[in-house]
Structure formats: C-alpha cells, structure tokens
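According to our numbering, the sequence shown is numbered sequentially starting from 17.
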Amino acid sequence: MTTSCSENPENRPSPLRIDSIQIGSNMLRVEYSSPSVRGRKIFGIGDTYLEQYGEMWRTGANEATTFSTERDLKIDTFSLPKGKYAIFTIPDSNSWEVIFNKEWNQWGTYNHKDSLDVVRLRVTPMKLDSLQEQMKLSISSSALNFSWDNITWSIPISSSE
Numbered sequence: 017m018t019t020s021c022s023e024n025p026e027n028r029p030s031p032l033r034i035d036s037i038q039i040g041s042n043m044l045r046v047e048y049s050s051p052s053v054r055g056r057k058i059f060g061i062g063d064t065y066l067e068q069y070g071e072m073w074r075t076g077a078n079e080a081t082t083f084s085t086e087r088d089l090k091i092d093t094f095s096l097p098k099g100k101y102a103i104f105t106i107p108d109s110n111s112w113e114v115i116f117n118k119e120w121n122q123w124g125t126y127n128h129k130d131s132l133d134v135v136r137l138r139v140t141p142m143k144l145d146s147l148q149e150q151m152k153l154s155i156s157s158s159a160l161n162f163s164w165d166n167i168t169w170s171i172p173i174s175s176s177e
C-alpha cells in the first residue's frame, strides 16, 4: 500500500510518502520525503550534482527517511532487530552503502552518529531504462526497493524467525 500525505502539498516540494506491507505477523513500513529530478543532475561528483558520490545522504528530502519493522528481520545477510530506524545512503558509481541507524528522529544527516548504526551493507546500483522523476522507496514481500533519476537498487529482506 503506497500512500501520499502532506499537511499542505503546495508548500512541500518533496511530498511525504509511505509504503507498508504485512508479511505474516510482521508489518514493515518506510516513510520518506520524495524529491523530484526537475531537470537537475542528481548523483555524481562536483557542484553541478545534487547528491555527491562518497557523501552521506538522508535518502530523500527533509527529515531522515525511516524504516520500521514490528519483528526481527533479515536485511540481506544482516539481522535487523524490531524497531524504527533512519536510512542513510552513501552513493557511488559502482556501489552504495546503505545504513540503518537507531536514531530515526533526525533532520538530514547533521546528527548522524556511526555508533548508532545497526546495519551497514553494500548494494550494487543498476541503470534504469527511463527516468524515474520522483524518488521512490517501496517494500515487497522479499525486498526493499529504491529508484530515482536513472538509478535503482534492491535489498533482500526476509523473516528472521
């Protein structure tokens, strides 16, 4: 179930998005502000790019993107205890680092503390055939999926029970 909500959509250029799925007895949810490309260069190196390779990004706009699970979960090969987490990424041309951090209630990456990282893993981005104008995070029964601009990646998820 993907929903879009915002207190005042006209004043929020990156609308709030929520995707959730029930897998058995586990409810998973991702909440994020969804920026648009709007003709900008998104990922790369240099002042002309919105998000710099090698620098931590909040994986969305505004407040940190959050991921929650009501039960312990396997994310790729890592155990993620039940709870709510901020998702950060460090994009690069060949691989991205995806980070799940205990301090979910924060703005951007300004207060990120490595000591609160629960999971850090690498994903291999792939090129999309067409432009994904608005950033999208979604959850399926087997993956957390990301797409924006001309990039996509997925992280396998499964029950740890």
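For every residue, glycine included, the Cβ atom is placed at its ideal position computed from N, Cα and C.
What is the rounded straight-line gap between the Cα of residue i and the Cα of residue j?
i	j	result
Gln-122	Tyr-48	12 Å
Asn-78	Leu-160	21 Å
Thr-18	Asp-130	Because the pLDDT of Thr-18 is 44, which lies under 50, any placement of that residue in the model is unreliable, and the question is left without a value.
His-128	Thr-75	13 Å
Cys-21	Ser-154	At Cys-21, the pLDDT of 46 sits below 50, so the modelled position is not reliable; the number obtained from the coordinates is stated separately. C-alpha separation (whole angstroms): 15 Å.
Asp-35	Ile-61	31 Å
Trp-112	Gly-55	23 Å
Thr-93	Ser-176	10 Å
Lys-100	Asp-63	33 Å
DSSP three-state call for residue i: helix, strand or coil?
i	result
Val-46	strand
Ile-39	strand
Asp-165	strand
Pro-172	strand
Ser-154	strand
Gly-60	strand
Exposed or buried, what is residue i when buried is set at 16 or more other beta-carbons lying within 10 Å of its beta-carbon?
i	result
Thr-81	buried
Ser-95	exposed
Leu-89	buried
Leu-44	buried
Glu-67	buried
Pro-172	exposed
Quick one: does residue i have its CB under 9 Å from some CB of chain B?
i	result
Asp-108	Absence of chain B from the displayed structure is noted, only one protein chain being present.
Q: Please list the segments of the beta strand (DSSP E) lying wholly inside the region 72 to 138, counting only runs of 3 or more residues, in order along the chain.
A: When DSSP assignments are scanned along the region 72 to 138, the uninterrupted stretches of beta strand (DSSP E) that are 3 or more residues long and fall wholly within it turn out to be 77 to 85, 89 to 91, 94 to 96, 99 to 106, 112 to 117.
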